[in-house]
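Taking it in order: structure first as structure tokens, then the write-up.
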Amino acid sequence: MEMTIRPRRLRNGARLRKMVRETRMDPSSLIYPMFVKEGDVAAEEIPTMPGQYRYSLDGMERQLDALLAAGVNSVMLFGIPDHKDEMGSGAWDENGIIQKALRRIKKEYRDELYVITDVCMCEYTSHGHCGMLCGHEVDNDRTLDLLSKTALSHIQAGADMVAPSDMMDGRVRAIRETLDENGFQTAPIMSYAVKYASAFYGPFRDAAGSAPSFGDRKGYQMDYHNSREGIKEALLDVEEGADIIMVKPAMSYLDIVTKVRDVVNVPVAAYSVSGEYAMVKAGAAMGYIDEDKIICETAVAAYRAGCDMYLTYYAPEIAKFMKEGRIG
Ligand SMILES: [Zn+2]
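34 is the number that this note's numbering gives to position 32 of the sequence shown; each next residue is one higher, with no gaps.
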């Protein structure tokens, strides 16, 4: 008689299922994206991202305390300046919002928190594009200087790592050289290497006030029809000196996470963006889905696809589910 192969044997009971899990995760791999703004209002809720806020420096501290209590030790900071101009000069201003936030965090938290900063121009330019304009086009090579200056000012103010998100060609090399020349050889770069032009960024643009005033970002962010191009971007950035490669967004791009994971020998991060968060929130508010279960399933899917680190607005919730042993 033929013996029946019984995969169900290993699904028999919660203890065994947990023992044979293929995907293991830990809160140390979670990174919480956070918006910091000028002004006295401690926390302004972002209408399109319920539960997420723009924080003043005081409000930021309260949220950082909450994150640490939840077991999240890493953040990605985005700055929302009061003042924007054509060049985006607030990005590298010594007294810019990010630089002030960094000095405050390093003073108050020392090594308790690992702080990564987003490096881009779009929150600081009056036109909302990710670089310096020449006519209606972003001038790639002139933008590299601005990005390098910005990255250097973040590291000087206390950032542990910088994460350029602009998608200009050659920016990882330019930033690496600038950091090295200034004695910051040990400061790592996480490159938003594979960043798609995506409608999933919609709520973030409300949050950061960074929607382009004309045109779109398809001249520098990637076309979502392409995956080989993602490999090309990832390999180029590793060659230029990126220490970590990011894929963004996450949920609709898990095939890309897997492919990038297979070809690079550096850690891979996936960024679950504002639109992913907003959809889950909206679905849960309507009573159509179970928010906690969806959070768990989407997070595990990202790690199963191959990411080593996960950037998500749900970081505190996921850390809790990991600690409870519900996932991970
Ligand atoms: Zn940008």
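We put the beta carbon where it would ideally sit given N, CA and C, even for glycine.
Assignment of Ile247 by DSSP, reduced to helix, strand and coil, places it in the strand class. Assigned with DSSP and collapsed to three states, Glu278 falls in helix. An exposed status is given to Gln187, since fewer than 16 other beta-carbon atoms sit within 10 Å of its beta-carbon.
Per DSSP, Pro49 has no beta bridge partner at all.
In this structure, Val196 and Ile258 form a Cβ contact; the two beta carbons are roughly 6 Å apart against a cut-off of 8 Å. In the DSSP assignment, Ser76 falls within the beta strand (DSSP E) that extends over 76–82.
The beta carbon of Pro35 is closer than 7 Å to those of Met78, Phe80, Leu313, Tyr315 in its chain, skipping five residues each way along the sequence. For Met21, the uninterrupted alpha helix (DSSP H) segment begins and ends at 16–21. DSSP assignment within the stretch 109–155 yields the following whole beta strand (DSSP E) runs of 3 residues or more, N-terminal first: 116–121. Within the stretch 264–329, complete beta strand (DSSP E) segments of at least 3 residues are found at 270–273, 311–313, given in chain order. Between Met311 and the set Lys295, Asn75, Val43, the nearest pair of CA atoms involves Asn75. The residue from Pro166, Ile157, Gly53, Phe202 with its alpha-carbon nearest to that of Thr145 is Pro166. For Ile177, the enclosing alpha helix (DSSP H) begins and ends at 173–183.
Non-local C-beta neighbours of Ala317 in its own chain, meaning closer than 6 Å and more than five positions away in sequence, comprise Leu32, Tyr34, Val74, ordered along the chain. For the pair Met89 and Cys124, the Cα-to-Cα distance works out to about 10 Å. Per DSSP, Phe206 is one residue of the alpha helix (DSSP H) stretching across 204–210. Excluding the 5 residues flanking it on each side, Tyr55 has same chain C-beta neighbours closer than 8 Å at Phe37, Ala45, Glu46, Glu47, Ile48, Gly61, Gln65, in chain order. Under the Cβ criterion (8 Å, minimum of three pairs), the stretch 151–165 counts as touching the stretch 88–108. Shown here for Arg13: same chain residues with a beta carbon closer than 7 Å to its own, the five before and five after excluded, namely Arg19 in chain order. Glu88 has its CB no nearer than 8 Å to any heavy atom of ligand 1. Cβ-Cβ distances below 8 Å link Lys220 to Ala199 in the same chain, with the five nearest sequence neighbours on each side left out; the list follows chain order. Apart from sequence neighbours up to five positions away, the residues of its chain that approach Ala286 with a beta-carbon distance below 6 Å are Glu293, ordered along the chain. Residue pairing by DSSP places Val259 in no beta bridge whatsoever. C-alpha of Gly160 to C-alpha of Asp42: approximately 23 Å in a straight line. At least one heavy atom of ligand 1 sits closer than 8 Å to the Cβ of Asp168. The closest CA to that of Ile191, considering only Lys234, Ile233, Ala252, Arg173, is found on Arg173.
Collapsing the DSSP output to three states places Ala161 in coil. Collapsing the DSSP output to three states places Met169 in coil. Taking C-alpha positions only, Pro251 is separated from Ala307 by approximately 13 Å.
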